[in-house]
Amino acid sequence: MFAHLQRLRLWLLAWAALSLLSGMYIARGELTRQQDVFDTNARIVHRLLSQQVVQHDAILATLALLHGGNAADRPEQRLPALYGQIAAAAHRGANETWPSPELANAEAESLRLKRAVLADVDLQKGTYQLVLAAQPDSYALTIALRNMVPWAEWPMKPDTSPVQVRLDLGAKTYTVQAGRPFAMGDAGWTFEARKVLAAESQPFEVVSRLHVPWSALPWTYMLISAGTIALALLRGRMLVQQRTQQRREEERQRVGQRTRLNTLGELAAGMAHEINQPLTAILANTQAASRLLDDAEPDLTAARSAMQMAVQQARRASDVVGRLRRTVERPGSAAAVQSVDLHAACQHALYLLEPELQRSRCTPTLTVDGTPFEVQADPVALEQIIHNLLTNALQAMEQVPLQQRALQLVLSHTATHGVLRVQDTGPGIPPDALGKVFEPFFSTREGGLGLGLSLCESLAQGMGAHLSAANLPNQGAEFTLQMPLATPAP
Amino acid sequence: MTAPLSPLIHLIDDDEAVRSSLALLISTVGLRVQPWADPQTFLKTFDRESIGAIVLDVRMPGISGLTVLDMLKEQKVDQPVIMLTGHGTIDMCRRAFKSGAAEFLEKPVDDERLLEALQTSVRQHVQSRQRNQADRVTRQRYAQLSEREREVLGLIVSGLTNKEIGRALNVSPRTIETHRANLFAKLEIDALAQLVRQYAALVDEDTAA
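Chains A and B are the protein sequences, given in the same order. Just so you know, we're using full-length UniProt numbering here: the first sequence kicks off at 1 and counts up by one. Just so you know, we're using full-length UniProt numbering here: the second sequence kicks off at 1 and counts up by one.
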């Protein structure tokens, strides 16, 4: 029981470890995928916003090039209508001044740097101005960031996307896309991408951030995988248990067989000793007596006593044999005779021998000549006889090619007897061995004990049946078992 | 036939019938038999000096005949041992011969084979005892020799003449002759051939040591 629990714990541990590994693998895959998507989106966002701000530079430069002309015909006044993000456009003529000093400072800076310059950046409101100094007129654009984002080309859904996108300038920041809120240090994974916009005049830094909390991991897949692993392990455990069971069964059979052989060996050794001792004494006594009688003046008393001792020892040997017979004999074996369906008995024996039959690729045929019948027999002994005869036939046919193997059981009956014929297509019985096959310790098989058929005959005689052997005209041997019918045919 | 000093056969078998019948059989050729039912008693009390042989059953309760055989060899018992067994295996046979058994016979044993084995064994035992006896005497005599005499004996055995020995030992051949005469007297030897035959082995053993 303890060992069983131990094993169960081992399986559980294996399951936990495998589930953890697969979970980690799935989570890592998902995180990598999310990071890839995030990185791509961040790059697109940077490109889109850069394109927008570069446009502002281009617009200002164009205004400067178109300079002057008709003051009433100010082209920049039409810009807000063309570009959504341009809230207003202003210019300063040759003898005008900017409404605020900041714009004036920016113009001076722009003159120095020879490019547009930021002024009046108010990221809270989301506006800034871009000033370009030019001759005769300088220009300033007021940009509304809210309208600058090209939502139509935006790679994410601004309302639902968990990604935060901001534009930073120094400490100031403008939120382009709110995303999923999180605090630094929250459990989970955070991806971040920072890149300054590709316009020297508007050096806003695009900051994209995505936080993936634990809860966003693909738990469903992970659970499904853990479940699948559990099922696979259960199946494996079942297979292992089956294998163990099978191996144990095989081992048990082998041990049983060995025990039987050992018992048999022990029996033989014991018998040999028990019989050998009196035989030794008999031989020594008779030979001593014969030597004594050969003497010129035979010591008849000694010779006679030696002969008497020999007689005693012969009795002792016969007692040993008698005792052995009584030990082995099963009491009341003759009383077990009853009505038995011979056909069913044959089927049962074939069923038990199924594995052996398959191994020797042999399909047996069981045929009944005439009407069905029942015989008088000891069911156990009958089963043993049929089993032995079939095994014998299979062993005989091991010596012939597969396609020649055929095992036939033929049932028939006479007026008084039921007959079972077991016919094989093996090499048959050598003519000189035909009379000896039922003798104990006679075997034509290498390593055979020669007890199988002898036992069959004893069993048959014990229940009033008769067993005989013959060779078939073409090939193979036939064993015939005759038993009295249970109800003699009318 | 059964003279008091005839060889003595020790017969060890736990089966009374076997013991008495074999004893009777052995006695028909004039050998004395001492039967033993118990191998332990036999080991403790049998006469180790007696001339003869031991007949030992392999299968005995308490102690196997093979174990008894090993103990006999350990105790340097020199009587030849004939093993008897009811069902001898090749392995058992090999073990018995390895432990120095003189013969290995199966029960029931034929009289001819047993008696012949016994007679051969007894003959061999007598010879080995005689050899040992002679050996002992030879050693005793050899021990009486002086250092110089042993040296001279060694050179005689290697086939040198008196003159050559004198040269080798830096003494006159006359002195060697004296040594030689003493040697012959002490070892009770008449002829040179006898000297070489009996003492060559001892000299070799001595110089090797």
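Built from N, CA and C at the ideal position, the CB exists for glycine as well.
Start-to-end residues for the alpha helix (DSSP H) that takes in residue i
i	result
P484 of chain A	Premise fails: P484 of chain A lies in the beta strand (DSSP E), A477 to P484, not in any alpha helix (DSSP H).
Q408 of chain A	Segment L407 to H413 is the beta strand (DSSP E) holding Q408 of chain A; no alpha helix (DSSP H) there.
D14 of chain B	No alpha helix (DSSP H) holds D14 of chain B; DSSP gives it neither H nor E.
D111 of chain B	D111 to A143
N182 of chain B	P173 to K186
T259 of chain A	W219 to D294
I86 of chain A	Careful: I86 of chain A lies outside any alpha helix (DSSP H), inside the beta strand (DSSP E) at I86 to R92.
Which listed residue (the options) has its alpha carbon closest to that of residue i
i	options	result
R33 of chain A	A:V212, A:Q85 and A:A269	A:V212
T28 of chain B	A:T286, A:I26, A:D122 and A:L394	A:T286
S172 of chain B	B:A102, B:S99, B:V152 and B:E205	B:V152
Q338 of chain A	A:Y83, A:L485, A:F479 and A:D57	A:L485
Q79 of chain B	B:I90, B:G52, B:S99 and B:K98	B:G52
L350 of chain A	A:D137, A:Q51 and A:P364	A:P364
A199 of chain A	A:A269, A:R47 and A:K125	A:R47
W36 of chain B	B:L25, B:S50, B:G100 and B:V18	B:V18
N392 of chain A	A:G428, A:Q164, A:N105 and A:S412	A:G428
L114 of chain B	A:V321, A:T327 and A:T280	A:T280
N388 of chain A	A:R254, A:E192 and A:T480	A:T480
V368 of chain A	A:H343, A:A303 and A:H348	A:H343
L267 of chain A	A:Q312, A:R315 and A:V328	A:V328
N41 of chain A	A:R326, A:R291, A:Q164 and A:A296	A:Q164
T414 of chain A	A:V375, A:Y25 and A:L472	A:V375
S20 of chain B	A:V419, A:Q358, A:M307 and A:L353	A:M307
A178 of chain A	A:L210, A:F204 and A:Q202	A:L210
Y25 of chain A	A:P218, A:F438 and A:V45	A:P218
Q35 of chain A	A:D137, A:E192 and A:R112	A:E192
A345 of chain A	A:P372, A:L31, A:L82 and A:P162	A:P372
K107 of chain B	B:T207, B:V58 and B:D190	B:V58
D14 of chain B	B:S128, B:E116, B:S6 and B:T41	B:T41
Q144 of chain B	B:L43, B:N182 and B:M92	B:N182
S201 of chain A	A:D137, A:A133 and A:M309	A:A133
I44 of chain A	A:W151, A:R248 and A:V255	A:W151
R141 of chain B	B:Q75, B:E116, B:L8 and B:Q198	B:Q198
P483 of chain A	A:A108, A:Q461 and A:Y221	Looking at the sequence provided, one finds Met at residue 483 of chain A rather than Pro. Per the Cα distances, A:Q461.
D168 of chain A	A:V196, A:V149 and A:T142	A:V196
Contacts that residue i makes with chain E (C-beta to C-beta distance below 9 Å)
i	result
L292 of chain A	The structure shown has no chain E; the protein chains it does contain are A and B.
Whole-number beta carbon distance between residue j and residue i, since they are thought to touch under 8 Å
i	j	result
A465 of chain A	A377 of chain A	7 Å
S110 of chain A	V131 of chain A	5 Å
S19 of chain A	I224 of chain A	Rounded, the Cβ-Cβ distance is 11 Å, inconsistent with contact.
A381 of chain A	M463 of chain A	5 Å
A14 of chain A	L233 of chain A	6 Å
S50 of chain B	K73 of chain B	That pair is no contact at about 17 Å.
S412 of chain A	V422 of chain A	About 13 Å separates the two Cβ atoms, so there is no contact after all.
A102 of chain B	S128 of chain B	About 11 Å; that fails the 8 Å criterion.
Sequence-distant residues of the same chain with beta carbon closer than 6 Å to residue i, five excluded per side
i	result
M1 of chain B	Note that M1 of chain B has pLDDT 36, beneath the 50 cutoff, so the model's placement of it is unreliable and the number below is only indicative. Result list for M1 of chain B: G30, in chain order.
I54 of chain B	H10, Q79 and V81
Q313 of chain A	P278, A281 and I282
A3 of chain B	With a pLDDT of only 38 at A3 of chain B, under 50, the local geometry of the prediction cannot be trusted, and the value read off the model is given with reservation. Here the set comprises nothing.
L12 of chain A	none
W98 of chain A	R92 and A104
F441 of chain A	G450
Q119 of chain B	none
Sequence-distant residues of the same chain with beta carbon closer than 7 Å to residue i, five excluded per side
i	result
T175 of chain A	R166
E76 of chain A	L63, A89, H91 and Y139
T425 of chain A	M397, V400, Q404, R405, A406, Q475 and G476
L31 of chain A	W189 and V212
G86 of chain B	R59 and K107
R48 of chain B	V77
Cut-off 8 Å between Cβ atoms - residues of its own chain near residue i, not counting five sequence neighbours on either side
i	result
C362 of chain A	L394, M397, R405, A406 and L407
V203 of chain B	R150, L153, G154 and V157
V54 of chain A	A198 and A199
N-terminal and C-terminal residue of the beta strand (DSSP E) that residue i is part of
i	result
E374 of chain A	E374 to A377
D122 of chain A	V117 to D122
K195 of chain A	W189 to V196
K157 of chain A	Note, K157 of chain A: premise wrong, no beta strand (DSSP E); not H, not E.
A174 of chain A	Position check: residue 174 of chain A holds Tyr in this sequence, whereas Ala was assumed. Per DSSP, Y174 of chain A belongs to the beta strand (DSSP E) from K172 to Q177.
Quiz prompt | Stretch-stretch touch, CB-based, cutoff 8 Å, three pairs: the segment 444 to 458 of chain A with the segment 30 to 37 of chain B | solution = no
Practice problem: Pair every Cβ in the segment 116 to 131 of chain A with every Cβ in the segment 154 to 165 of chain A, then say whether three or more of these pairs are closer than 8 Å. | Solution: no
Quiz item: Just checking, does the segment 227 to 243 of chain A make contact with the segment 258 to 275 of chain A on the three C-beta pairs under 8 Å criterion?
Solution: no
Quiz item: Counting Cβ pairs closer than 8 Å, one from the segment 206 to 221 of chain A and one from the segment 185 to 193 of chain A, do we hit at least three?
Solution: yes
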